[in-house]
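Our numbering puts the first residue of the sequence shown at 918, with every later residue one more than the last.
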Amino acid sequence: METIHTTMMVLAVAWALVTALLIFIWIYRSTLETREEDQLFLDSASDMIAKEQREIVARIERLSRPITTLLVISVTLLVAVAGLWIWQGLNAPTFS
């Protein structure tokens, strides 16, 4: 029974770390999205602004895959912790 408790704690800590990283990356992506312009009216001298906007869009797109991966890992770990917690509760000794 102690092994299950230790395993559940390790999974819970791993879930917390993965979820914290996911939230951090999500916030970073949101800050990038606020800097992204929907429309740019550029003349020939504003190439630097256009280049900066393309870089921002590229960063946002690069973050999509890690966010999806971390989200899947986070949900999987949460289900594993919940499953162990329920299983532990069902197999707990009863005192009559």
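Note that beta-carbon positions come from the ideal geometry of N, C-alpha and C, so glycine has one too.
Expected contact under 8 Å - CB spacing of residue i and residue j to nearest Å
| i | j | result |
| --- | --- | --- |
| residue 994 | residue 932 | 4 Å |
Cα-Cα separation between residue i and residue j, rounded to whole angstroms
| i | j | result |
| --- | --- | --- |
| residue 947 | residue 1004 | 38 Å |
| residue 966 | residue 989 | 36 Å |
| residue 964 | residue 953 | 15 Å |
| residue 921 | residue 976 | 41 Å |
With 16 other Cβ atoms within 10 Å as the buried cut-off, status of residue i
| i | result |
| --- | --- |
| residue 991 | buried |
| residue 1007 | exposed |
| residue 998 | buried |
| residue 928 | buried |
Nearest candidate by alpha-carbon position, reference residue i, set the options
| i | options | result |
| --- | --- | --- |
| residue 987 | 999, 941, 952 | 941 |
| residue 949 | 964, 920, 974 | 974 |
| residue 944 | 980, 922, 926 | 980 |
| residue 951 | 925, 927, 937, 970 | 970 |
| residue 983 | 996, 972, 939 | 939 |
Chain C contact for residue i (CB, 8 Å cutoff)
| i | result |
| --- | --- |
| residue 1000 | No chain C appears in the structure shown, which is made up of a single protein chain. |
Residue i Cβ short of 7 Å to the ligand HEM heavy atom set
| i | result |
| --- | --- |
| residue 970 | Among the ligands in the structure shown, none appear at all, so the ligand HEM cannot be discussed. |
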